[in-house]
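**Q** Heads up: the protein sequence lines correspond to chains R and D, in order.
Residue numbering for the first sequence follows my numbering, beginning at 33 and increasing consecutively.
Residue numbering for the second sequence follows my numbering, beginning at 6 and increasing consecutively.
Each residue gets a CB set at the ideal place from its N, CA and C atoms; glycine is no exception.
The structure's right below; bear with me while I get my questions together.
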Amino acid sequence: SATPDAHDEL
Amino acid sequence: MNLFRLLGDLSHLASILVLLHKIQTSRSCRGISFKTQALYVAVFVARYLDLFWRYISLYNSAMKVFFIGSSCYILYLMKYRYRPTNDPSIDTFRIEYLLVPCAILSLIFNYNFMPTEILWSFSIFLESVAILPQLFMLQRTGEAEAITTHYLAALGIYRALYIPNWIYRYFTEGVIDPIAVTAGIVQTGLYLDFFYVYFTKVLQGQKFELPA
Numbered sequence: 033s034a035t036p037d038a039h040d041e042l
Numbered sequence: 006m007n008l009f010r011l012l013g014d015l016s017h018l019a020s021i022l023v024l025l026h027k028i029q030t031s032r033s034c035r036g037i038s039f040k041t042q043a044l045y046v047a048v049f050v051a052r053y054l055d056l057f058w059r060y061i062s063l064y065n066s067a068m069k070v071f072f073i074g075s076s077c078y079i080l081y082l083m084k085y086r087y088r089p090t091n092d093p094s095i096d097t098f099r100i101e102y103l104l105v106p107c108a109i110l111s112l113i114f115n116y117n118f119m120p121t122e123i124l125w126s127f128s129i130f131l132e133s134v135a136i137l138p139q140l141f142m143l144q145r146t147g148e149a150e151a152i153t154t155h156y157l158a159a160l161g162i163y164r165a166l167y168i169p170n171w172i173y174r175y176f177t178e179g180v181i182d183p184i185a186v187t188a189g190i191v192q193t194g195l196y197l198d199f200f201y202v203y204f205t206k207v208l209q210g211q212k213f214e215l216p217a
């Protein structure tokens, strides 16, 4: 998803 | 996933492999700050425990397992196997000056006031300053082995590459993560002095030495 709280980065 | 982020992550991976290589081949952890390495364990555990409830991709999970595992292994090497080569008397940065402000900041700035999100914010803030004991140690000793500087350079490049990644994501996905971006810019900024010496000296074949 495109919200900051997706936290898909390492 | 975009190229900047991939190269950044690979640089992060490379930095840890370089550090392990340095410790294993010289059978010594001289010049490495135990405090910085311990802070990285705290960062990775606080951020990557979401392995258990958030699945993003195999790549993402594998990297998380690697970062937690390798950082713990490095602590083990420093604390046990190569303990005599670790000199705490030059590793004198007071980490409570980092931990307490980061804890307070994470309570104020987070995306949701719940333990997992506060831990995530805490890990982002802590990562941005975790290198300070190491840089402080470098400053004190005034010099470093080339391989140690390659480790630091790879670590700094990883963070620097995340910045174009955020710019790219802003334009392609319309996403912006203010906490990660702010902390990331601070973190990259901490490396500027180091980068200057690294690129003008070490990469020209000279020894890493700071002006007295």
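For residue 15 of chain D, decide whether its Cβ has a neighbour in chain R, counting only Cβ atoms nearer than 8 Å.
**A** Answer no: the Cβ-Cβ gap between residue 15 of chain D and chain R never drops below 8 Å.
**Q** For residue 58 of chain D, is the classification buried or exposed, using 16 other Cβ atoms within 10 angstroms of its Cβ as the cut-off for buried?
**A** Classification of residue 58 of chain D: exposed, given that the 10 Å Cβ count is below 16.
**Q** Consult DSSP for residue 101 of chain D and reduce its assignment to one of helix, strand or coil.
**A** Three-state result, residue 101 of chain D: helix.
**Q** Assuming the contact rule is C-beta atoms closer than 8 Å, residue 218 of chain D and residue 52 of chain D should be a hit. Round their C-beta distance to whole Å, please.
**A** Nothing can be reported for residue 218 of chain D: it is not among the residues displayed for chain D, which extend from 6 to 217.
**Q** Measuring CB to CB, does residue 213 of chain D end up less than 8 Å from residue 149 of chain D?
**A** For residue 213 of chain D and residue 149 of chain D, yes; Cβs fall inside 8 Å.
**Q** May I have the straight-line CA-CA distance separating residue 186 of chain D from residue 42 of chain R, to the nearest angstrom?
**A** Their backbone Cα atoms lie some 13 Å apart in a straight line.
**Q** Using only alpha-carbon positions, find the residue among D/196, D/119, D/46 and D/34 that is nearest to residue 87 of chain D.
**A** Checked all of D/196, D/119, D/46 and D/34; the closest Cα to residue 87 of chain D is D/34.
**Q** Just checking: is the beta-carbon of residue 164 of chain D within a distance shorter than 8 Å of some beta-carbon in chain R?
**A** So no, residue 164 of chain D is outside the interface.
**Q** Does residue 61 of chain D have its Cβ less than 8 Å from a Cβ in chain R?
**A** It does: the Cβ of residue 61 of chain D has a partner Cβ on chain R nearer than 8 Å.
**Q** Just verifying my parser: in three-state terms, what is the DSSP assignment at residue 114 of chain D?
**A** The answer is coil: DSSP assigns residue 114 of chain D none of H, G, I, E or B.
**Q** Using beta carbons (cut-off 8 Å, strictly below), is residue 185 of chain D in contact with chain R?
**A** Taking Cβ atoms only, chain R reaches closer than 8 Å to residue 185 of chain D, which makes this a yes.
**Q** Is the segment 202 to 213 of chain D close to the segment 153 to 160 of chain D, with three or more CB pairs under 8 Å?
**A** Verdict: yes, contact present.
**Q** Where residue 80 of chain D and residue 8 of chain D are concerned, what is the direct C-alpha to C-alpha distance, given to the nearest angstrom?
**A** If you take the alpha carbons of residue 80 of chain D and residue 8 of chain D, they lie about 31 Å apart.
**Q** With a threshold of 16 other CB atoms inside 10 Å of the CB of residue 60 of chain D, please say whether the residue is buried or exposed.
**A** Flag for residue 60 of chain D reads exposed.
**Q** Locate the alpha helix (DSSP H) running through residue 161 of chain D, then write down its first and last residues.
**A** Looking at the DSSP string, the run of the alpha helix (DSSP H) that includes residue 161 of chain D is 151 to 178.
**Q** Closer than 8 Å is the cut-off here; do at least three beta carbon pairs connect the segment 60 to 69 of chain D with the segment 132 to 150 of chain D?
**A** With a cut-off of 8 Å, the segment 132 to 150 of chain D and the segment 60 to 69 of chain D do not count as touching, because too few Cβ pairs lie within range.
**Q** If you drop the 5 nearest sequence neighbours on each side, which residues of the same chain put their C-beta closer than 7 Å to that of residue 143 of chain D?
**A** Hits under 7 Å: 149.
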